[in-house]
Every structure is written in structure tokens, then in C-alpha cells.
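J.:
There are 4 protein chains.
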Amino acid sequence: MSYIPFKGVIAYPVTPFDDKENVDIPLFKKQVERLVSAGAHGIAPLGSTGVLPYLNDAEKEAVTEATIQQVGGRVPTLVGVSNLTTANTVYHAQFAEKAGATAVMIIPMSYWKLTDDEIVKHYDTVASKISIPIMAYNNPATGGVDMSPALLKRLLQIPNITMIKESTGDIQRMYYLRKELGDDVAFFNGSNPLALAAFSAGANGWCTAAPNLIPDLNIALYNAVQENDMEKAKAIFYQQVDLLKFIVAKGLPRSIKAGLDLLGIGGGNFKSPLKPLNENEIAELDNILSAVGSKAMA
Amino acid sequence: MSYIPFKGVIAYPVTPFDDKENVDIPLFKKQVERLVSAGAHGIAPLGSTGVLPYLNDAEKEAVTEATIQQVGGRVPTLVGVSNLTTANTVYHAQFAEKAGATAVMIIPMSYWKLTDDEIVKHYDTVASKISIPIMAYNNPATGGVDMSPALLKRLLQIPNITMIKESTGDIQRMYYLRKELGDDVAFFNGSNPLALAAFSAGANGWCTAAPNLIPDLNIALYNAVQENDMEKAKAIFYQQVDLLKFIVAKGLPRSIKAGLDLLGIGGGNFKSPLKPLNENEIAELDNILSAVGSKAMA
Amino acid sequence: MSYIPFKGVIAYPVTPFDDKENVDIPLFKKQVERLVSAGAHGIAPLGSTGVLPYLNDAEKEAVTEATIQQVGGRVPTLVGVSNLTTANTVYHAQFAEKAGATAVMIIPMSYWKLTDDEIVKHYDTVASKISIPIMAYNNPATGGVDMSPALLKRLLQIPNITMIKESTGDIQRMYYLRKELGDDVAFFNGSNPLALAAFSAGANGWCTAAPNLIPDLNIALYNAVQENDMEKAKAIFYQQVDLLKFIVAKGLPRSIKAGLDLLGIGGGNFKSPLKPLNENEIAELDNILSAVGSKAMA
Amino acid sequence: MSYIPFKGVIAYPVTPFDDKENVDIPLFKKQVERLVSAGAHGIAPLGSTGVLPYLNDAEKEAVTEATIQQVGGRVPTLVGVSNLTTANTVYHAQFAEKAGATAVMIIPMSYWKLTDDEIVKHYDTVASKISIPIMAYNNPATGGVDMSPALLKRLLQIPNITMIKESTGDIQRMYYLRKELGDDVAFFNGSNPLALAAFSAGANGWCTAAPNLIPDLNIALYNAVQENDMEKAKAIFYQQVDLLKFIVAKGLPRSIKAGLDLLGIGGGNFKSPLKPLNENEIAELDNILSAVGSKAMA
């Protein structure tokens with residue numbers, strides 16, 4: 037049987053920098069601790085939220101180790117190891133496994149659009165070099181490649197690729213994915229505004245940066261779904277939809293860091309060319325956070 | 037209080053033609069009777085499924101009268117009266133009201149892309165000439181205009197525009213619509229593959245041609261939602277999603293007529309240039325219908 | 037040999053209405069006379085600029101007859117006869133032929149997306165009922181169907197389909213069209229901002245509403261191309277590109293009528309729901325017209 | 037006065053690898069020598085064709101030095117130094133300057149979509165650290181950011197940003213760019229199938245990988261434009277358009293390397309996950325090359 041170590045709300049931390057644009061590991065650990073304490077069901081460093089592609093090797097390794105150390109086995113960890121080249125992806129996947137990651141997440145990043153055969157070969161090479169499970173991640177908006185349900189079906193034949201993360205933002209894709217792949221495939225939703233629709237479509241989990249700001253609401257949505265209470269799930273979802281829309285529209289690293297600053301936790305600095313939200317955007321986020329009551333809860 | 041005469045599954049009949057491309061009214065009445073008998077909560081002639089834009093005035097009027105006569109007040113009727121010009125829209129809206137329609141549906145058809153002010157003026161003119169409620173219909177794929185939530189909000193200030201039908205196929209639009217328009221606005225889903233997601237988002241009803249082929253499954257989905265049973269709704273939805281996908285992909289008039297032929301009810305002919313599905317497509321539809329068991333039920 | 041009655045600048049008149057939304061035939065004739073006098077190489081009533089789809093049968097017939105009467109054989113005429121149904125397209129094509137049109141233009145209008153076979157059958161039926169040449173018109177933005185080069189090749193096998201009008205706005209399409217169809221196929225550009233690129237790609241002519249406002253510049257561009265003077269063509273093109281961009285961005289009927297008003301010729305009223313440009317837009321157009329000197333020339 | 041060191045045909049070499057996926061510098065030098073000998077007016081290593089984003093720092097530096105050494109000042113060099121982070125872009129820009137590059141090309145690569153202010157700051161920081169000119173490169177398809185004419189205008193106010201490379205594939209963009217930026221701005225076309233249209237629009241040069249395969253035809257097109265002979269330019273363009281279309285459709289590194297193999301020069305291997313064209317594609321390219329006569333010329 038395939039090993040699927042995740043379910044529920046998988047939280048994506050940001051990567052905070054100090055004023056010299058070096059990773060601020062102590063602040064990162066503090067942020068991770070808060071996610072675990074709040075009840076997140078998994079921790080996923082070095083995703084898009086964690087600005088993976090902007091980091092050098094040493095930074096990626098430091099973040100990986102800090103995560104695993106801070107989480108301390110309380111929940112599973114899912115480390116992003118995607119890279120343009122196959123060789124570098126193998127390198128980081130092996131590092132993550134050795135450091136103790138529960139699983140790795142891989143998106144077929146592309147500058148030159150990859151063919152299906154190139155993608156299969158890429159995953160197959162990486163999979164053959166590690167023993168932990170892989171979550172294949174489809175997000176054409178960031179990765180530049182749109183993996184069809186048929187291609188994902190091919191990938192799932194590689195033994196340790198056991199999970200799919202789908203982030204096209206189109207709920208219909210999730211329906212056809214499940215029809216194509218069968219009822220027992222593990223798929224995860226990576227599009228925040230689709231959280232309710234994806235759970236009602238049968239998603240195993242929700243990969244999201246939102247728990248940095250509103251962990252209670254995110255987890256309450258999952259619980260309502262587990263209780264099969266559609267009305268309650270809908271009510272909880274509409275409480276948070278404005279925030280989910282905002283963080284996607286403004287970019288996850290910028291909006292999550294601004295929110296962490298507003299909550300008094302501290303989001304840390306950015307690596308250039310990325311810059312913080314402007315004042316108007318921060319004021320808008322402050323209003324949204326106040327409306328959902330998360331400033332009181334923080 | 038605004039008058040909202042619809043909820044549940046609103047069924048869209050096709051318009052059948054004879055071999056001289058004249059509307060076949062007896063067959064149309066037979067199809068409508070079947071929809072009402074099967075439990076549809078409303079009947080909506082002269083929609084896209086009913087190839088409204090291809091009909092001349094006499095044909096539109098005959099279909100309107102045949103619907104109202106056959107339904108006989110058992111369920112409410114929603115008559116499509118959209119036209120490129122405001123004058124013709126007024127003409128058909130007044131005809132529908134006089135014939136006894138419960139409400140009319142209007143999409144701002146556009147050859148030349150309309151401005152927001154033009155759209156508001158168009159609806160306002162029509163609304164001022166009739167007393168029955170109007171459902172404003174947003175479907176950029178067919179109408180060529182995408183009405184923003186802000187524009188729909190303006191339209192809802194016109195007294196007898198009381199309902200919104202949203203058919204962009206993007207569930208996120210429905211969330212933002214409800215947030216923008218308030219909890220008690222009546223919005224209806226016009227995208228078949230979004231049926232489950234839209235109900236879980238709070239849609240009042242589902243405007244669909246699917247009940248021509250699988251009325252029991254469509255109504256069962258609505259009932260599961262009313263019972264607040266998410267698991268049951270999901271299971272029923274996945275039973276029908278292949279059919280919903282097929283009829284949208286192949287075009288509603290073509291696929292519904294082919295299905296009615298397969299079910300032994302008879303779909304009628306087409307008006308040129310529209311032609312029937314080809315043999316391979318019909319065989320594919322036959323397989324899908326057999327899989328959902330609707331041939332046994334018909 | 038196929039008969040190709042057009043080349044150069046084919047001018048598209050608007051359809052002016054009076055204050056009761058009836059077609060203003062005297063003003064229409066005045067506008068047509070001005071186009072012919074200014075040197076346009078052909079006149080094409082009932083195009084998109086002439087709001088064909090908004091007119092009833094009587095209006096279409098009146099405009100057709102008025103055009104042929106006013107032009108009086110000085111230049112060839114190209115009458116738009118497109119309609120959603122094949123039967124109505126035949127009707128109007130036959131009317132145009134009988135009235136004395138040189139050729140007809142047909143776009144496969146679609147509410148329901150047509151298959152290639154449906155499109156071929158549609159053209160074939162119309163072509164078999166008339167003897168004058170047909171220009172097949174590809175414009176997915178208004179017609180809703182994008183005819184591939186392969187499909188256009190099929191259409192050109194119908195004897196009296198002798199010309200292609202291409203309006204996707206993508207110059208690459210024109211290159212591949214010519215490669216697919218051969219050097220001697222007659223293709224015409226329907227995208228105003230592509231006027232220079234299309235002539236440099238070998239287009240036989242330019243279908244445009246711009247001569248209503250700047251006929252001298254439009255014709256000068258064609259002449260520079262005929263003289264094989266690329267530098268001169270470029271200079272003349274850049275003199276008019278702001279106007280070409282404006283009329284496309286704001287909609288041809290609205291912007292041409294506003295321009296005719298500014299030039300003192302008179303554009304006439306609109307048929308609802310279409311409305312005039314707003315004041316700011318008219319002021320912007322006035323500036324552009326002044327910059328190109330057309331107000332002095334009018 | 038701003039310094040604009042380029043015009044004409046700027047040739048982009050591939051980056052060849054050996055069978056261990058290390059850069060094959062001797063083969064690279066051979067390929068560069070051929071481009072210079074064939075008459076290319078400039079050499080641009082480390083572009084998209086040169087798979088810049090897939091290379092590590094040592095590889096980038098080796099390619100930069102090999103180019104400058106092999107070119108030996110016979111034509112100007114334009115070195116790609118784009119990077120996701122500002123710090124790395126500065127590093128490579130400074131390396132290129134020190135190594136003797138004539139200018140650098142920079143596209144604002146983005147994983148997270150950059151704001152206009154972030155882009156300006158990014159360019160400004162890099163520009164302040166070097167003295168050689170910068171070509172700002174707009175290519176939303178690969179870079180993920182579409183820089184508006186207004187933003188490009190802001191960038192041109194930075195003293196050593198003196199050139200724009202435009203690769204949206206939309207010729208209209210080039211017209212509006214020139215209107216916005218003024219007649220004397222230096223803009224270069226980066227879209228192969230637009231070569232003719234761009235020159236007729238006034239482009240200073242053509243940034244292209246095609247000279248690896250058909251240098252004579254590429255240069256002949258530029259010469260015909262210089263001679264103001266539109267008919268000749270058109271004829272030469274249509275001779276090469278099939279090849280230009282092919283290399284863009286199949287990906288520049290794959291198709292150029294396959295072509296170099298077919299021509300007997302040798303294209304070198306790929307870095308995974310990129311793989312060679314398949315057999316059918318190679319056969320198609322062989323046919324196209326034979327048709328344009330380049331195999332005889334090579």
C-alpha cells in the first residue's frame with residue numbers, strides 16, 4: 037500500500053530575512069513553533085510561500101534543518117526541493133531525506149516548457165534516489181507547466197509518488213482528476229479560495245499559508261468537513277474568504293509577512309527584488325484581519 | 037421584499053425541429069411534460085439549450101406559449117427573452133409576461149462589447165416595461181460580456197431584478213459575488229460541472245439541461261444538500277460528473293438531443309448550421325448514460 | 037480562374053440612425069458618397085462597423101440598396117450577409133446579389149461553437165445559391181469561431197469562395213495562412229493596427245472603417261506599399277496608428293460616429309443598447325484627429 | 037547621448053553539454069566562431085537559447101569568458117545576466133563587465149510576480165553597479181512579467197539602460213512602444229516569426245537563435261530592409277518563416293541543437309530534464325532545412 041503521511045491543514049511558513057537579506061533562523065523557528073502549537077496537521081517549508089527559488093543551497097539546507105528540529109516529530113514535514121535541473125532536485129531531495137523530512141514536494145519547474153516524457157523522467161530519476169514519499173505538485177501559474185490528469189496518472193505509477201497537489205484554481209480539474217485517478221488517490225488542494233470546494237470534492241488536505249494568520253479558522257473548516265456539516269463548513273469558509281482572496285491577490289510572502297507584523301509575531305524582511313506591501317495594502321489587510329477577529333486571537 | 041420564485045433544479049428544455057427545420061411543438065410539449073413529471077422545480081424555455089438566438093419571433097412565441105400551457109402552473113416558468121437590441125428584448129419580455137411566464141431571464145448579448153452604463157440602461161428599460169421578476173444572467177462565453185460583481189450589484193437596485201445566474205465556470209466568482217451582494221441575494225448556478233461546489237457555496241438553485249437525461253440524479257443532489265449531508269452529496273455528484281462534463285464539452289443542444297434519442301424519448305432535428313453529434317460521440321454518450329443507469333430509469 | 041474583385045482600401049461605412057432609432061438613409065448615402073469621393077477602392081456596408089447583427093431584415097435591405105445606388109458602379113461593393121442560421125444567410129446573400137452587389141462577406145457567426153463540418157456545410161449551402169464571389173471572414177473576437185488555416189483551405193475549394201478576410205489581430209496567422217494557402221490566394225486584413233504588417237506580409241487589401249475619418253492617410257499607406265517604399269509606408273503608418281488604436285479600443289461604431297460628428301459630417305444616432313462615446317473619450321478623439329490633421333482635410 | 041552598440045542580426049548561441057552534462061567549451065567556441073564568420077552583427081550568450089537559468093555560476097562564467105575570447109572584438113557581445121535575486125544579477129553583471137562584455141541583457145525574472153516599483157528598483161540597483169549599457173528584456177512567456185510601455189519608459193530614464201528587447205510576439209506592442217518612447221529609442225525584436233513585421237515597424241535589430249542554422253537568410257532579410265526593398269524583404273522572409281515557426285514551437289535549445297547536428301556542426305548534449313527532439317520532429321526539421329537550402333550552404 038502507498039504511504040500517505042498527510043491529511044488536514046498543511047501549513048506553509050514564510051522564510052524571514054534579516055536586514056542584510058540573510059535568513060533569520062531564530063524568527064523562522066518561532067513562526068514554525070506557532071504553526072505547530074496552533075494545531076496545523078503538517079509543516080511544509082520551502083514552498084512558494086517560503087520563496088524557495090530565491091534561496092541558495094546553504095539557505096535551503098538551513099531552513100530544512102531548522103524545520104525538522106523545531107517540529108520535533110510532532111507532525112509530519114513536507115520539504116520543497118524543486119529545482120530547474122534534475123541533478124539539483126536530486127541533491128536537495130536527498131538532503132531532505134537525510135535531515136529527517138517525512139516527504140518532499142516537487143513541482144516540475146520549467147523555463148523551457150517540458151514535454152510529458154521529460155517530466156516523467158525527471159520525477160523518476162529523483163524518486164529512484166530517495167525512499168520517502170513524493171507529492172507531485174501541479175501549478176502552471178508558478179511552474180509554467182500544466183500537468184494533465186493523464187500525466188499525473190503516469191507519475192502515480194512511480195512507487196513513491198503517492199500524493200498530488202493541485203493548484204490550478206479550477207475546481208473542475210479536481211473532479212476530473214479524481215475520476216481519472218480513482219477514489220482512493222490522495223489529492224491535496226493548493227488554491228486557498230477553493231478550500232471549501234476542494235474539501236467538498238474529497239480533497240485529503242489543504243496546503244496553505246493562511247495558518248500563519250488565521251490557524252483556528254482554517255482548522256475549524258477542516259473539522260466541519262470531518263463532521264459532514266456542510267452548513268457549518270460554509271459559514272466558517274465565508275468568514276475567511278476575504279483573507280484567502282487577499283493573500284493570493286497580493287502574493288503570499290508579502291501578505292503573510294505583513295500579517296505576521298500586524299499580529300505582533302514578526303514576519304521578517306525580504307530578499308530583493310521582493311519588497312513589502314505598501315501602506316494602503318497593509319491597511320486593507322489590517323481591516324480584514326480585524327474583521328475575522330484574528331488579531332484578538334493571536 | 038423581493039420576489040424570488042425559484043429554487044432547486046431549474047430544467048432547460050431543448051427546442052426540437054422537424055425535418056423542414058420548423059419547431060416541433062408536439063415533441064417539445066412531450067419533453068416539457070417529462071421534465072415536470074420527473075420533479076424539476078422550474079422550467080426555463082428559450083435558454084442557450086433552447087437555441088434562443090437561432091429562432092425567429094414566431095418560433096419564440098410558439099415555444100413560450102407551449103411551455104406555459106404544458107406546465108399549467110405546476111412549477112414556475114422562466115422564459116429567455118434576451119436579444120441584441122433593447123427594443124426587441126422589451127418586445128419579448130412583454131410577450132412572456134402576457135403569456136403567463138413567472139419570470140424572464142436576460143443576458144446582455146453583445147456583438148459590440150457593452151459598457152457598464154449601456155448594460156444598466158438596457159436592463160432598466162426592459163424592467164420598467166414589465167412587472168414580473170428578472171433573472172440577470174452572466175455568461176461571458178456566450179454573451180460576450182463579463183458582468184463584474186460591482187455591476188451586478190448596480191443591477192440589483194432595479195426593483196424587479198431579483199436573481200442572478202452566474203455561469204463563468206469559476207467557483208471563486210460565486211464566493212466574491214455572495215460577499216459583495218450579501219447573504220440574502222438569490223444566485224443560481226449555470227455551470228453544470230460546478231453543481232456541487234455552487235450548492236456548497238450557497239446557491240439557491242441550479243439552472244441545467246441535465247434533467248432532460250438524468251433528472252433523478254440532479255434532484256437527488258439538491259436533496260442531499262438540503263439534508264446537509266456533504267458525503268452523500270459528493271457521492272451523488274461523482275455519479276453524474278462525467279455526463280455533466282460531456283454535455284458541456286459537446287454543446288448542450290447536440291448532446292441533449294442525442295441523449296433523448298438514446299433514451300427513446302426523441303430529441304428532434306436541428307436548425308442549420310447546427311448538426312447532430314457524430315457516431316463516435318453518440319457512442320461515448322451511450323456509454324456514459326449506461327454507466328449512470330439512466331437508460332434503465334427512463 | 038477565381039474572380040477577385042477587390043484590392044487596396046475597402047471602406048466600411050457605419051449605419052446611422054435618427055432619433056427614433058430608424059436607419060437614416062439620406063445621411064448614410066452622404067457618408068458613402070464621401071468614402072467613394074475620397075478614393076476608397078471598395079465599399080462594404082453591413083459589416084461589424086455597420087452593426088449588421090442589430091438590424092432587422094427591412095433595415096438590411098434598405099442599406100444594401102442605398103449602397104449600390106449611391107456607389108453607382110464606381111467601385112465594387114462587398115455586402116455583409118452573415119446570420120446565425122444558414123437559411124437567413126442564404127436569404128440575405130440572394131437579396132444582395134439581386135440588388136447588384138459585387139460580392140458578399142460571410143463570417144460563421146456562432147452562439148453555439150460550430151464544428152468544422154458545420155462551417156463547411158454552411159458556406160457550401162450559401163455558395164450554391166448565389167453566383168457572386170464570397171469573402172470568408174475569420175474573426176473569433178466577434179464571430180466566436182476561429183477558423184484554422186486548414187479549414188480556410190477547405191473553404192477555398194468551394195468555387196465562389198475566392199477571398200479570405202483575417203482579423204485575429206495576430207500577424208503570424210497571416211504568414212501561416214499564406215504558407216498554407218499558397219502565394220496567389222487573396223487575403224485581406226481586417227485588423228486596423230496590423231495595416232502595415234499585413235501589407236508587408238502580402239495582403240491584397242485592408243478592410244477598414246478608418247477611411248470614414250482619415251481616408252487620405254489610409255490610401256497613402258497603400259500607395260507607398262505599391263511603390264515598394266518601406267520607409268515611406270512606415271512613416272505614413274506611424275502618423276495614423278494612434279487613431280487606428282483608438283477606434284479599435286473604443287469600438288468602431290461609437291468612435292467612427294463620434295469622429296464624423298467632430299468632422300462636421302454627422303455620424304447619426306445609435307440603436308439601443310449601444311450609446312455614444314462619453315465626453316472624455318470624444319475629447320481624446322478630437323486631439324488625435326487634430327494631431328493627424330484630418331480636421332483640416334475634411 | 038546614449039550608447040547603443042547593436043544593430044542588425046544579434047545571434048544567440050546554444051550551450052552545448054558533454055555526455056556528463058558538463059558544458060562543452062570547445063564545441064561552444066566552434067559554434068560561436070561559425071556565427072561570427074557567417075556575418076552575425078552581434079553575439080549574445082546566456083540567453084534563453086543558452087539555457088541561462090539551468091547553469092550554475094561556474095558554468096555561466098566559463099561561457100561568458102569563452103564568448104569574449106572567441107569573438108575577440110570582431111562584433112559586440114551581449115551577455116545575459118538575469119537572475120531571480122537582485123544580488124545575483126549584480127554579481128553576474130559585474131562579472132560580465134569585467135570579462136569584457138559590450139553590454140548585458142536583463143529580464144526581470146519572477147517566480148512571484150513583481151510590482152513595477154520592484155522592477156525599477158531591481159534594474160536601478162544593477163545599473164548603478166556597472167558602467168556598460170543594459171538591454172531591458174520584456175518576455176512575459178518566459179520571465180512571467182509583462183512590462184508595460186509606461187514601465188519601460190521609466191526604465192529608460194536610468195542612464196545606462198539604452199535598449200529594449202520586446203518579445204511578446206504581438207507586433208502591435210512594438211508600435212505602441214515606439215509611439216510611447218519616441219522615434220529614437222532603440223528597440224530590438226526577440227520574436228522570430230515577427231522578424232519582417234518588426235523591421236517594417238522600425239526595429240534596430242533582431243535577437244535570434246536562427247543564425248545557428250540559416251545565417252545567410254537572416255542577414256539577407258536585414259539587408260533587404262536596409263535597401264528599403266519591401267518586396268525583396270517579403271520574399272526572403274517567406275523563405276525562412278517555416279523554420280522560424282518550427283524553432284519557436286519546439287523550443288529553441290532543442291530545435292537549434294537538432295539542426296546543428298543535421299548540419300554536421302554538432303549541437304551537443306542537454307542538461308536534464310531537457311531532452312532532444314524526438315525522431316519525427318528531427319525528420320520534420322530536416323525537411324524544412326532542406327527546403328531552405330541551408331544544408332547545402334552549411
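Protein chains in written order, with the numbering used here: chain H, 37 to 334; chain C, 37 to 334; chain X, 37 to 334; chain E, 37 to 334.
Note that CB positions come from ideal geometry on N, CA and C, so glycine has one too.
State the Cα-Cα distance for the pair L63/H and T103/H, rounded to the nearest angstrom.
T.: Taking the first sequence and counting its residues from 1, one reaches residue 63/H at position 27. Taking the first sequence and counting its residues from 1, one reaches residue 103/H at position 67. Approximately 12 Å, taken between the alpha carbons.
J.: Report back the beta-carbon spacing between G86/X and V99/X to the nearest angstrom; my notes put them in contact at under 8 Å.
T.: Position 50 of the third sequence, counted from the first residue, corresponds to residue 86/X. Position 63 of the third sequence, counted from the first residue, corresponds to residue 99/X. Yes, G86/X and V99/X are in contact; Cβ-Cβ is about 7 Å, under 8 Å.
J.: H158/H touches chain E at which residues, Cβ-Cβ below 9 Å?
T.: As a working note, residue 158/H is residue 122 in the first sequence. Simply S308, P309.
J.: Are the CB atoms of G300/E and L248/E within a distance shorter than 8 Å?
T.: Residue numbering aside, residue 248/E sits at position 212 when the fourth sequence is read from its first letter. Residue numbering aside, residue 300/E sits at position 264 when the fourth sequence is read from its first letter. Residue identity check: residue 248/E is Asn in the sequence provided, not Leu. Going by C-beta atoms, N248/E is not nearer than 8 Å to G300/E.
J.: Given a cut-off of 8 Å, decide if Y211/E and V277/X are closer than it, judged by their beta-carbon atoms.
T.: If you number the third sequence from 1, residue 277/X lands on position 241. If you number the fourth sequence from 1, residue 211/E lands on position 175. In contact: V277/X and Y211/E (Cβ atoms closer than 8 Å).
J.: To the nearest angstrom, how far is it from the Cα of G136/E to the Cα of A327/H?
T.: Here residue 136/E is taken as the residue at index 100 of the fourth sequence, counted from 1. Here residue 327/H is taken as the residue at index 291 of the first sequence, counted from 1. Answer to the nearest angstrom: the Cα atoms are 58 Å apart.
J.: Hey, is L217/E's beta-carbon within less than 8 Å of any beta-carbon in chain X?
T.: If you number the fourth sequence from 1, residue 217/E lands on position 181. By this cut-off, L217/E is not an interface position.
J.: Below 8 Å between beta carbons: does that hold for A256/E and I272/E?
T.: Residue mapping note: residue 256/E aligns to position 220 of the fourth sequence, counting from 1. Residue mapping note: residue 272/E aligns to position 236 of the fourth sequence, counting from 1. Contact: yes.
J.: Going by CA-CA distance only, name the one from E267/X, T178/X, N124/X that's closest to Y147/X.
T.: Here residue 147/X refers to the residue found at position 111 when the third sequence is read from its first residue. For the residues E267/X, T178/X, N124/X, the minimum Cα distance to Y147/X belongs to T178/X.
J.: May I ask you to report which of helix, strand or coil DSSP gives A137/C?
T.: Counted from its first residue, the second sequence places residue 137/C at position 101. Looking at A137/C - three-state DSSP - the assignment turns out to be coil, as it is neither helix nor strand.
J.: Can you pull the chain E neighbours of L150/H, defined as C-beta to C-beta under 7 Å?
T.: Sequence index remark: in the first sequence, residue 150/H carries index 114 (1-based). Those within 7 Å of L150/H in chain E are P309.
J.: Strictly below 7 Å CB to CB, what residues from chain H border V277/C?
T.: Counting from one through the second sequence, the residue named residue 277/C turns up at place 241. The contacting residues are Y211, K215.
J.: Can the beta-carbon of P169/X be found less than 8 Å from the beta-carbon of G116/X?
T.: Position 133 of the third sequence, counted from the start, is the residue given in the question as residue 169/X. Position 80 of the third sequence, counted from the start, is the residue given in the question as residue 116/X. Their beta carbons are not under 8 Å apart, which means P169/X does not touch G116/X by this criterion.
J.: Pick from V261/E, T113/E, K311/E, K66/E: whose alpha carbon is nearest that of I40/E?
T.: Walking along the fourth sequence from the start, residue 40/E turns up at place 4. Nearest C-alpha to I40/E: T113/E.
J.: Who does E202/X pair with in a DSSP beta bridge?
T.: Position 166 of the third sequence, counting from 1, holds the residue named residue 202/X. Partner(s): N174/X, N225/X.
J.: Please decide whether T122/X counts as near chain C, where near means a Cβ-Cβ distance under 8 Å.
T.: Position 86 of the third sequence, counting from 1, holds the residue named residue 122/X. Chain C, which has a Cβ nearer than 8 Å to the Cβ of T122/X, makes this yes.
J.: For L313/H and K286/H, which I take to be in contact (beta-carbon distance under 8 Å), what is that distance rounded to the nearest angstrom?
T.: As a working note, residue 313/H is residue 277 in the first sequence. As a working note, residue 286/H is residue 250 in the first sequence. Right, the Cβ-Cβ distance comes to about 6 Å (below 8 Å), so this counts as a contact.
J.: What is the DSSP secondary structure of L114/E, counted as helix, strand or coil?
T.: The residue labelled residue 114/E in the question sits at position 78 within the fourth sequence. Looking at L114/E - three-state DSSP - the assignment turns out to be strand.
J.: Who pairs with W242/X in a beta bridge, going by DSSP?
T.: Start at 1 with the first residue of the third sequence, and residue 242/X comes out as number 206. In DSSP, W242/X forms a bridge with V45/X, N225/X.
J.: For A80/X, report the span of its alpha helix (DSSP H) as first-last.
T.: In the third sequence, the residue the question calls residue 80/X occupies position 44. Taken as a continuous stretch (DSSP letters only), A80/X belongs to no alpha helix (DSSP H), as it is neither H nor E.
J.: Would you mind telling me which residues of chain H sit closer than 8 Å to E57/E, beta carbon to beta carbon, in chain order?
T.: Along the fourth sequence, one-based indexing puts residue 57/E at 21. Under the 8 Å cutoff, chain H gives A123.
J.: In chain order, what residues of the same chain lie with their CB nearer than 8 Å to the CB of E133/C, ignoring the 5 residues before and after it?
T.: Counted from its first residue, the second sequence places residue 133/C at position 97. Excluding positions up to five away in sequence, the list reads V140, I166, S167, I168.
J.: With the cut-off set at 8 Å, would you say E154/C and P185/C are in Cβ contact?
T.: Residue numbering aside, residue 154/C sits at position 118 when the second sequence is read from its first letter. Residue numbering aside, residue 185/C sits at position 149 when the second sequence is read from its first letter. No. Outside cutoff.
J.: CA-CA distance, D265/E and L150/C?
T.: Within the fourth sequence, numbered from 1, the residue matching residue 265/E stands at position 229. Within the second sequence, numbered from 1, the residue matching residue 150/C stands at position 114. Distance between the alpha carbons of D265/E and L150/C is about 43 Å.
J.: Whose C-alpha, out of L91/X, G180/X, L230/X, is nearest the C-alpha of K307/X?
T.: Within the third sequence, the letter at position 271 stands for residue 307/X. Closest option to K307/X, Cα to Cα, is L91/X.
J.: What does the alpha-carbon distance come out to for the pair N124/X and P144/X?
T.: Counted from its first residue, the third sequence places residue 124/X at position 88. Counted from its first residue, the third sequence places residue 144/X at position 108. In a straight line, the C-alpha of N124/X is about 12 Å away from that of P144/X.
J.: Only counting the same chain, and skipping five residues up and downstream in sequence, which positions put a Cβ closer than 7 Å to that of I324/H?
T.: Here the question's residue 324/H lines up with position 288 in the first sequence. These residues qualify, in order along the chain: D278, L279, F282.
J.: Taking only beta-carbon positions, decide if E154/E is within less than 8 Å of chain H.
T.: To locate residue 154/E, count along the fourth sequence from 1; it is residue 118. It does: the Cβ of E154/E has a partner Cβ on chain H nearer than 8 Å.
J.: Return the chain-ordered list of same chain residues with a C-beta closer than 6 Å to the C-beta of I318/H, the five sequence neighbours on each side being excluded.
T.: Counting from one through the first sequence, the residue named residue 318/H turns up at place 282. Once the five neighbours on either side are set aside, the close Cβ partners of I318/H are A294.
J.: Relative to the C-alpha of V156/X, which residue among K56/X, H128/X, P195/X, Q130/X is closest?
T.: Working through the third sequence from its first residue, we reach residue 156/X at position 120. That would be P195/X, whose Cα lies nearest to the Cα of V156/X.
J.: I believe V111/C touches I292/C by the beta-carbon criterion, under 8 Å. Please report the beta-carbon distance rounded to the nearest angstrom.
T.: The residue you call residue 111/C lines up with position 75 of the second sequence. The residue you call residue 292/C lines up with position 256 of the second sequence. Wrong, their Cβ atoms sit about 19 Å apart, outside the cutoff.
J.: What is the rounded straight-line gap between the Cα of A334/C and the Cα of T244/H?
T.: Within the second sequence, the letter at position 298 stands for residue 334/C. Within the first sequence, the letter at position 208 stands for residue 244/H. Its pLDDT being 49, under 50, A334/C is placed unreliably in this model, and the value from its coordinates should be taken loosely. So the alpha carbons of these two residues sit roughly 45 Å apart.
J.: Does the Cβ-Cβ distance between G238/H and R209/H come in under 8 Å?
T.: Numbered from 1 along the first sequence, position 202 holds the residue referred to as residue 238/H. Numbered from 1 along the first sequence, position 173 holds the residue referred to as residue 209/H. No. Outside cutoff.
J.: Within 8 Å (strictly less), CB to CB, does L230/X reach chain E?
T.: Position 194 of the third sequence, counted from the start, is the residue given in the question as residue 230/X. With 8 Å as the cut-off, L230/X counts as an interface residue toward chain E.
J.: Name the DSSP bridge partner or partners of I197/X?
T.: Indexing the third sequence from 1 puts residue 197/X at position 161. Answer is I170/X.
J.: Hey, is V328/H's beta-carbon within less than 8 Å of any beta-carbon in chain C?
T.: Indexing the first sequence from 1 puts residue 328/H at position 292. Not one chain C Cβ lies under 8 Å of V328/H.
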